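Keeping their order, the protein sequence lines are chains A and B.
full-length UniProt numbering applies: residue 1 is where the first sequence begins, and numbers increase by one.
full-length UniProt numbering applies: residue 1 is where the second sequence begins, and numbers increase by one.
Just so it is clear, CB atoms sit at the ideal spot from N, CA and C, and this is done for glycine as well.
Remember, it's a predicted structure, so these values are computed and weren't measured experimentally.
2 protein chains.
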Amino acid sequence: MDRADLLNNVRVVLSHTSHPGNIGAAARAMKTMGLSRLVLINPKQFPDPQADAMSAGATDILEQAQVCATLDEALQGCVLVAGMSARVRDISQEVLPPREAVALLTEQAMTQSVALLFGTEMSGLTNEEAARCQVLVRIPCNPDYSSLNLAAAVQLLSYEMRLAAGLGDCGAPALQPAPVEQVERLFEHMESTLVEIGFLNHKHPTKLMHKLRRLYARARLEQEEINILRGILTVTQEYHANKHKVTK
Amino acid sequence: MDRADLLNNVRVVLSHTSHPGNIGAAARAMKTMGLSRLVLINPKQFPDPQADAMSAGATDILEQAQVCATLDEALQGCVLVAGMSARVRDISQEVLPPREAVALLTEQAMTQSVALLFGTEMSGLTNEEAARCQVLVRIPCNPDYSSLNLAAAVQLLSYEMRLAAGLGDCGAPALQPAPVEQVERLFEHMESTLVEIGFLNHKHPTKLMHKLRRLYARARLEQEEINILRGILTVTQEYHANKHKVTK
Numbered sequence: 001m002d003r004a005d006l007l008n009n010v011r012v013v014l015s016h017t018s019h020p021g022n023i024g025a026a027a028r029a030m031k032t033m034g035l036s037r038l039v040l041i042n043p044k045q046f047p048d049p050q051a052d053a054m055s056a057g058a059t060d061i062l063e064q065a066q067v068c069a070t071l072d073e074a075l076q077g078c079v080l081v082a083g084m085s086a087r088v089r090d091i092s093q094e095v096l097p098p099r100e101a102v103a104l105l106t107e108q109a110m111t112q113s114v115a116l117l118f119g120t121e122m123s124g125l126t127n128e129e130a131a132r133c134q135v136l137v138r139i140p141c142n143p144d145y146s147s148l149n150l151a152a153a154v155q156l157l158s159y160e161m162r163l164a165a166g167l168g169d170c171g172a173p174a175l176q177p178a179p180v181e182q183v184e185r186l187f188e189h190m191e192s193t194l195v196e197i198g199f200l201n202h203k204h205p206t207k208l209m210h211k212l213r214r215l216y217a218r219a220r221l222e223q224e225e226i227n228i229l230r231g232i233l234t235v236t237q238e239y240h241a242n243k244h245k246v247t248k
Numbered sequence: 001m002d003r004a005d006l007l008n009n010v011r012v013v014l015s016h017t018s019h020p021g022n023i024g025a026a027a028r029a030m031k032t033m034g035l036s037r038l039v040l041i042n043p044k045q046f047p048d049p050q051a052d053a054m055s056a057g058a059t060d061i062l063e064q065a066q067v068c069a070t071l072d073e074a075l076q077g078c079v080l081v082a083g084m085s086a087r088v089r090d091i092s093q094e095v096l097p098p099r100e101a102v103a104l105l106t107e108q109a110m111t112q113s114v115a116l117l118f119g120t121e122m123s124g125l126t127n128e129e130a131a132r133c134q135v136l137v138r139i140p141c142n143p144d145y146s147s148l149n150l151a152a153a154v155q156l157l158s159y160e161m162r163l164a165a166g167l168g169d170c171g172a173p174a175l176q177p178a179p180v181e182q183v184e185r186l187f188e189h190m191e192s193t194l195v196e197i198g199f200l201n202h203k204h205p206t207k208l209m210h211k212l213r214r215l216y217a218r219a220r221l222e223q224e225e226i227n228i229l230r231g232i233l234t235v236t237q238e239y240h241a242n243k244h245k246v247t248k
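Dropping the structure here:
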């Protein structure tokens with residue numbers, strides 16, 4: 001199974017959302033992470049121009065959104081439902097942080113439909129909705145200020161979902177460190193140059209060379225960088241030799 | 001050092017932000033995760049009522065925000081600067097996903113100031129700004145739609161920062177599974193009740209009891225749940241005994 005397909009088995013269900021702008025912002029957040037199945041239970045206003053505006057081009061998600069009258073309809077066919085909960089409830093299902101909850105969801109989403117259920121902006125899930133979830137998810141946050149907005153919560157969960165689906169590569173080229181023998185030739189060149197220009201004492205170069213080794217070890221030099229540094233050393237040697245010739 | 005103090009060593013630097021609403025939303029995102037040091041380089045409009053409105057009560061962050069004219073001023077004293085970059089650049093520093101970049105930042109933030117640098121909404125960091133960062137951070141995202149808004153990016157990085165600081169506990173009460181001997185007494189009670197009511201054959205109860213064991217093993221029963229189930233079994237036995245008496 002393609003990992004992007006796994007994300008197609010994940011429904012984001014928003015219950016009784018008050019502000020259409022939040023629906024649009026949630027769609028945008030989903031799309032950035034490769035989620036596409038948005039389900040709305042009795043949204044106050046939808047479709048709405050504010051939703052379109054806040055979706056910033058994720059209008060395809062809004063157009064394909066399923067609008068439902070009931071929770072039953074929204075969750076039909078799902079085998080695992082994780083509900084977002086900011087409140088501490090007297091009796092509740094297992095409460096997990098996002099990363100752990102998403103690991104469970106992803107495992108099921110390989111073959112079946114799962115849902116992330118979000119309550120209203122003001123009061124979150126009702127007790128009846130929370131009771132329908134197998135797990136509740138609580139985002140770790142500042143105990144004195146836990147006011148994440150709806151789209152921000154959708155963004156965080158969608159991000160964790162993308163990472164759990166194995167799509168967390170940020171596409172950056174990996175560093176290509178040069179082989180050790182190239183690095184050694186640089187240090188030889190550096191040492192001889194520093195002796196030539198009189199910065200190093202030919203008899204005791206060890207300590208300073210060790211410090212330079214420490215610096216460049218941390219940088220893990222690439223071949224091109226070695227070429228640049230050796231180019232500078234070569235020009236320094238030539239400049240010094242010429243200067244020496246002139247002053248003689 | 002207190003872990004919340006570590007977050008005080010992390011500056012969120014927003015460069016040349018166009019929309020004051022985004023500054024407010026970024027402040028809100030920071031505060032939910034316990035970050036507080038906001039630095040603004042030449043914001044287009046600030047302070048601004050839109051920033052206050054979008055901060056949803058995180059106005060303390062806005063009031064304490066430092067407004068600077070230059071990048072030098074904003075980064076003064078920082079020992080590590082991580083810049084957000086959505087673009088692939090020809091030549092660039094090491095590019096890391098958020099989790100890895102934040103691990104580096106947190107390590108330094110134990111003792112010194114570090115910065116997360118965000119560019120403008122439209123075009124991100126300039127090449128000059130990117131060159132001033134020791135690492136670039138790229139959020140993994142849908143290759144066909146990577147349009148995270150500024151506050152969403154601040155939210156994700158602040159969340160990863162909170163987790164890396166060891167403040168990722170979501171405050172949920174841990175499950176308290178009952179000791180095995182209590183679970184065994186439940187199974188004995190269950191088996192005898194199911195035999196009494198005629199659901200189980202006294203001679204071959206094994207297979208079904210194994211299936212019930214499997215179910216309840218997965219649930220990891222707590223003591224109170226065992227009490228409830230045994231209460232139901234006791235009432236079932238009594239009901240069956242009475243019914244049996246009446247029908248005789």
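Contact set between residue i and chain A, taken where Cβ atoms lie within less than 9 Å
i: Ser-18/B; result: The premise fails here: Ser-18/B is roughly 14 Å from chain A at the closest Cβ pair, so nothing lies under 9 Å.
i: Arg-162/B; result: Pro-140, Cys-141 and Asn-142
i: Arg-28/B; result: Tyr-145, Ser-147, Leu-148, Asn-149 and Ala-152
Residues of its chain near residue i, where Cβ-Cβ distance is below 7 Å and the 5 sequence neighbours each way are ignored
i: Arg-213/A; result: Phe-187
i: Leu-104/B; result: Leu-80 and Val-135
i: Gln-112/A; result: Asn-9 and Val-79
i: Thr-59/B; result: Asp-52
i: Ile-197/A; result: Thr-236 and His-240
i: Pro-98/B; result: Val-137, Ile-139, Leu-156, Leu-157 and Glu-160
i: Pro-208/B; result: Looking at the sequence shown, residue 208/B is not Pro but Leu. The answer, listed in chain order, is Leu-200.
i: Ala-56/A; result: Arg-28
i: Ala-153/B; result: Met-84, Phe-118 and Ile-139
i: residue 293/B; result: The question about residue 293/B has no answer, for chain B in this structure spans 1 to 248.
Contact set for residue i: own chain, Cβ-Cβ below 8 Å, skip 5 residues either direction
i: Ala-172/B; result: none
i: Glu-121/B; result: Thr-17, Ser-18, His-19, Asn-22, Asn-149 and Leu-150
i: Leu-6/A; result: Thr-106, Ala-109, Met-110 and Ala-165
Coil, strand or helix - residue i by DSSP
i: Leu-35/B; result: coil
i: Met-161/B; result: helix
i: Gly-231/B; result: helix
i: Met-122/A; result: coil
i: Ser-55/A; result: helix
i: Arg-28/A; result: helix
i: residue 281/B; result: Because residue 281/B is not part of the residues shown, which for chain B are 1 to 248, the question remains open.
i: Ser-147/B; result: coil
i: Ala-115/B; result: strand
i: Pro-177/B; result: strand
i: Ile-139/A; result: coil
i: Ser-15/B; result: strand
i: Gly-110/B; result: Strictly speaking, residue 110/B in this sequence is Met, with Gly absent from that position. Coil at Met-110/B, not helix or strand.
i: Val-95/A; result: strand
i: Val-79/A; result: strand
i: Val-88/B; result: coil
Burial state of residue i, where buried means 16 or more other Cβ atoms lie within 10 Å
i: Met-54/A; result: buried
i: Tyr-239/A; result: exposed
i: Ala-74/B; result: buried
i: Asp-52/B; result: buried
i: Gly-34/B; result: buried
i: Met-110/B; result: exposed
i: Ala-26/B; result: buried
i: residue 251/A; result: The displayed coordinates of chain A run from 1 to 248. Any statement about residue 251/A would go beyond what the structure contains.
i: Val-12/A; result: buried
i: residue 259/A; result: Examination of residue 259/A is not possible in this model, given that chain A is present from 1 through 248 alone.
i: Phe-199/A; result: exposed
i: Ile-232/A; result: exposed
i: Ile-226/B; result: buried
i: Ile-61/A; result: buried
i: Leu-119/B; result: One detail in the question is off: residue 119/B reads as Gly in this sequence, not Leu. It counts as buried.
Neighbour list for residue i in chain A, Cβ cutoff strictly below 7 Å
i: Glu-94/B; result: Leu-175
i: Thr-32/B; result: Cys-141, Asn-142, Tyr-145, Ser-146, Ser-147 and Leu-148
i: Asp-52/B; result: Residues of chain A passing the Cβ test: none, with the nearest at roughly 14 Å.
Partner residues on chain A for residue i, Cβ-Cβ distance less than 8 Å
i: Asp-5/B; result: Per Cβ cutoff of 8 Å: no residues; Asp-5/B is ~14 Å from chain A at best.
Listed by chain order, chain B residues near residue i by CB distance under 8 Å
i: Leu-116/A; result: Within 8 Å Cβ-Cβ: nothing; Leu-116/A doesn't reach chain B, min ~15 Å.
i: residue 259/A; result: The structure shown does not extend to residue 259/A, since chain A is modelled only from 1 to 248, so the question has no answer here.
i: Asp-2/A; result: Here the premise fails: no neighbours, minimum Cβ distance about 14 Å.
Proximal residues of chain B, C-beta to C-beta of residue i below 7 Å
i: Tyr-216/A; result: Neighbours of Tyr-216/A on chain B: none; closest Cβ ~15 Å, over 7 Å.
i: Tyr-159/A; result: Leu-156
i: Asp-169/A; result: Pro-140
i: Pro-97/A; result: Gly-168 and Cys-170
Distance cut-off 6 Å: residue i Cβ against heavy atoms of the ligand NAD
i: Ser-92/B; result: Judged by which ligands are present, the structure shown has none, so any question about the ligand NAD falls away.
Own chain, CB closer than 6 Å to residue i, minus 5 neighbours either side, in chain order
i: Ala-86/B; result: Gly-124 and Ser-146
i: Thr-193/B; result: Leu-233, Thr-236 and Gln-237
i: Thr-126/A; result: none
Runs of 4 residues minimum, wholly inside the stretch 177-225 of chain B: which ones carry the alpha helix (DSSP H) assignment? Scanning the stretch 177-225 of chain B from its first residue to its last, the whole alpha helix (DSSP H) runs of 4-plus residues come out as 180-196 and 206-219.
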